[in-house]
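Presented below is the structure to which this report refers.
Number of protein chains: 2
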Amino acid sequence: MSLNRRRPYLAATPAFAAGTASPRTFLEDCIAQIETHEGDVQAFVHMNLDAARKAADASAARWKNGKPLSIYDGMPVGVKDIIETEDFPTEMGSPIYKNWESGRDAAVVKALRTAGTVIVGKTVTTEFASSHPNKTRNPHDLTRTPGGSSSGSAAGVGAGFISAGLGTQVVGSILRPAAFCGVFGYKPSLGGINRGGSHDFLSQSCTGTLAASLEDAWVLARDLAWRAGGDPGFPGISGPERLPPAKMPTSLIVLETPGWPIVDAMAKTALEKTCEHLSAKGIKILSRHTTPHVELVEKLLERSMPLTRLINAFESRWPYNVYHDKAAHLLSESAADRVVEAFELTLDDYRAALMERESIRATFNTLSGIADACITLSSSGAPPVGFETTGDPIFVVAGSMLGVPAVTLPVLESEGLPLGLQMLGFLNQDATLIAHASALLDQMTPK
Amino acid sequence: MSLNRRRPYLAATPAFAAGTASPRTFLEDCIAQIETHEGDVQAFVHMNLDAARKAADASAARWKNGKPLSIYDGMPVGVKDIIETEDFPTEMGSPIYKNWESGRDAAVVKALRTAGTVIVGKTVTTEFASSHPNKTRNPHDLTRTPGGSSSGSAAGVGAGFISAGLGTQVVGSILRPAAFCGVFGYKPSLGGINRGGSHDFLSQSCTGTLAASLEDAWVLARDLAWRAGGDPGFPGISGPERLPPAKMPTSLIVLETPGWPIVDAMAKTALEKTCEHLSAKGIKILSRHTTPHVELVEKLLERSMPLTRLINAFESRWPYNVYHDKAAHLLSESAADRVVEAFELTLDDYRAALMERESIRATFNTLSGIADACITLSSSGAPPVGFETTGDPIFVVAGSMLGVPAVTLPVLESEGLPLGLQMLGFLNQDATLIAHASALLDQMTPK
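Chains A and B supply the protein sequences, listed in that same order. Going by our numbering, the first residue of the first sequence is number 42, and it counts up by one from there. Going by our numbering, the first residue of the second sequence is number 42, and it counts up by one from there.
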């Protein structure tokens, strides 16, 4: 399968308005891909192509009449199977919830419908959007992991089955699989998109998008926030309806992150070349080697993974105790371990971790005084061979712990496979980050 | 029915340890009340007395062996029917969810079980814990409203059916019914108790307790937070396992609140006498008449109700759109109106309201520099006659909008009926508020 199977949707819509193509013809291209490759890739848990065709025809009629429900009306999308849907089961990657039907749409799914999207199916998640892998394979190399937990959305977009998929991230569950599958991934600022009806409800969790283009990723995410709001009490993603105009950053911070010791040589070279290239374009590049304050922040970011693990474990007491008491024998070993860990911690341990996280977030925010954004890799190298794990999230956990907006751009390669360039912005400055990402994209050909 | 049907549980437990009474004999007293009065009061939606008796026997055995699961092991409790339970339906006060079973326990219900409590049944809520009334009547006068939305928990505790009930509050849904039914009500600081599995999920909503004594209200709430945590990302209620020792405040602020123009003469006199009494005990009483800064805060608090309504409406887009599309004809008029209102607002309107709320919260917090707590009434007078509404929440909405801890103490009367004295504390200073409330209780006989 080629590296360029992505099917950007927004870019195709002018033809719908002009009448030279339609959401139905667009969908049929996706379906052809699905019919050829889904047996290998296994991006979906449940799928309904008849319903998708009907929805695409309805969308086509709206475009024809000049009355699309949104600027992305008709976009073929997948919904991560941790998010409730009225017309498909929500299995959460666990045999405990095999064929479970919640009987309702999540907030974002309701929003997808009012925007006129074509919901192709539910995309594979790891068990409860945590670490235990599921069946999906990487469309760029079927012997490798697609990453997780938003495995099916990433692989489905990478394979050209859908233009975009919903994902959720609490450690690295959007950016890691997006990077491994060679697609765009966008995790908004904390609380950016309403999580009502999503079973990924931890304090660092965030709903976001995996998409065939940066434009698709932004337009979809921002519109979902506009329609469904952010999480209750959060301002939600704000910014323009269309892709924010590209804006060259003045200066960028290269973060080595705690993943630096395990980064492979090709990936390291790819990042270094990117920095040289951007520097040649006039962008000032700061790092721990040039700037003591960056070094201080990098030191604090070493706490990203231990703090995340502790906070996630405590916040998982419920509903993991429900899962455990319902059917302990159907839990993976890692999920069973999490129940034990959750109850070994106390509320006092948890409070201390929250305070430390808050303090690191405040310190990170001071970087906004010296640079426009941070860049780093999205992984230590190419997606690993095999399916025992979904890969190391060490490069992407910082963005989750910090709660800041983060994107991965499919512009690098390692071992001839996709490698993501990650950008981190500042809290609730999502549109600014996307504008800078757009400018970087203009400087670098997407792979 | 007399005013003193409350059955405090913690106060009874020394007899269990001594072997002169047991959770089972305690429960039988409650059941006798239920059998006599539930037909009139209608506090429960579903009830299981056989299961309750079994649970009480198991608790009795634990006390006998000196191994209670908690210091309130065996407490007969009711769970507001907006909170999921594995062994009862969760109907949310709506015919749309008649006999709906979620198949799982909410986080707090799991906690209740691990603490050894006796869950007597699900207590009546208004429709979706909002304004449309349900069947419950006030145990002190069956022609009057019990208040809402935690109607059944309030009436059940007031009638001596249970020692405590879980409630939730986003406007006045714990303090108002508690005050109307002559019981103690405690709404913790924002996020104080984990709301996983509760369908009252708005940004101001908070799970709390309605109880037969201040001790029962505190011990239960604080222990639920200890076992289940607060909401993800919040520190949860902190403080001692038992009732914090009484601590006389040095100074208190009397808030007239936006409810002052509609307060009835008897209620006004009751509050004035309380202030005189406390002043005579050496507590400095501040008010808008003595202190310009208090006047400023009172002015800001006039925004409590309009801000709350706007924020709640926007945050109700989902799942009210789900309810509406499922069965619009089964929604009350007020719920149907809320759907319309929710979609007339934009995300920008909502963001502006969040910012204003945040600013009022910050200003209110400055009062902590001049007083230990605020006091006011919990309602404008006795519970209204009739069942068309659950009464005006104008005196209690400020605590919800502010997110601060609030309690109502059943120490006043109007028209021979219960009138609550409300105390408001400062964010995450719950134990301090309870210590001051305990001191005030010592000065005033509970009615």
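In this text, a Cβ means the ideal position worked out from N, Cα and C, and glycines have one as well.
Within the same chain, and ignoring the five residues on either side of A:E456 in sequence, the residues whose Cβ sits closer than 6 angstroms to its Cβ are A423. In this chain, B:S292 is not harboured by any alpha helix (DSSP H); it is covered by the beta strand (DSSP E) spanning 292-295. Between the C-alpha atoms of B:L243 and B:N353 there is a straight-line separation of about 7 angstroms. Distance between B:A101 and B:L261, taken at the CA atoms: about 19 angstroms. The contact set of B:V363 on chain A, defined by CB atoms closer than 7 angstroms, consists of R145, D146, K151 in chain order. Where B:A308 is concerned, the enclosing alpha helix (DSSP H) starts and stops at 306-321.
In terms of Cα proximity to A:D81, the closest of A:M464, A:P180, A:E339, A:N362 is A:P180. Scanning chain A for C-beta atoms nearer than 7 angstroms to the C-beta of B:Y391 yields G270, reported in chain order.
Below the 7 angstroms Cβ cutoff, chain B contributes no neighbours of A:R350, its closest Cβ being approximately 15 angstroms away. The DSSP-derived three-state label of A:E454 is strand. Of all alpha-carbon atoms in A:Q470, A:P451, A:N175, A:M442, the one lying nearest the alpha-carbon of A:S409 is that of A:Q470. In terms of beta-carbon proximity, A:W259 stays away from the interface with chain B, with every pair separated by 7 angstroms or more. Secondary structure at A:A84: coil, using DSSP grouped into helix, strand and coil. Residue burial is scored here from C-beta neighbours: A:T126 has at least 16 other C-beta atoms within 10 angstroms and is therefore classed as buried.
Burial is judged here by how many other beta carbons sit within 10 angstroms of a residue's own beta carbon; B:A96 has at least 16 and is buried. Against chain B, the CB of A:P434 has no partner CB under 7 angstroms away; the residue lies outside that interface. Looking from the CA of B:P290, the closest CA among B:C415, B:Y113, B:T158, B:L458 belongs to B:C415. Rounded to the nearest angstrom, the gap between the Cα atoms of A:D122 and A:H87 is 9 angstroms. Separation of A:G115 and A:T158 (C-alpha to C-alpha, rounded to the nearest whole angstrom) is 4 angstroms.
Taking 7 angstroms as the cut-off, the Cβ atoms of A:L293 and A:I324 count as close.
The shortest C-alpha to C-alpha distance from A:I278 to any of A:G162, A:K163, A:R94, A:P446 is the one to A:P446. Under the DSSP assignment, B:K121 falls outside any alpha helix (DSSP H), being part of the beta strand (DSSP E) whose first and last residues are 117-121. Straight across, the Cα-Cα distance linking B:V381 with B:L372 is about 13 angstroms. Beta-bridge analysis with DSSP links B:T417 to B:Q463. Residue contact check for B:E385 against chain A: no CB pair falls below 7 angstroms. Identification of chain B residues near A:G237 by a Cβ-Cβ cut-off of 8 angstroms yields F242, W359, P360, ordered along the chain. Residue-level contact check: A:P187 does not touch chain B, since none of the beta carbons of chain B fall below 7 angstroms from its beta carbon.
The DSSP assignment places complete alpha helix (DSSP H) segments of no fewer than 4 residues inside the stretch 200-267 of chain A at 216-221, in order along the chain. Apart from the 5 residues on each side of it in sequence, B:F436 sits with its Cβ closer than 7 angstroms to the Cβ of T298, G300, T417, L418, S419, S420, S421, Q463 in its chain, given in chain order. For A:G274, the nearest beta carbon of chain B is closer than 7 angstroms to its own beta carbon.
Just measuring C-alpha positions, the residue of B:Q484, B:A200, B:R47 sitting nearest B:H318 is B:Q484.
Taking the CA atoms as reference points, A:N406 sits about 10 angstroms from A:S400.
Under the 7 angstroms criterion on CB atoms, B:W301 is classed as non-interfacial with respect to chain A. Rounded to whole angstroms, the Cβ separation of A:H477 and A:D413 is 6 angstroms, and the two are in contact under 8 angstroms. With a cut-off of 8 angstroms on Cβ pairs, the stretch 50-69 of chain B is in contact with the stretch 254-273 of chain B, counting three or more such pairs. Residues of the stretch 324-357 of chain B that bring their beta carbon within less than 7 angstroms of a beta carbon in chain A comprise F355, E356, in sequence order.
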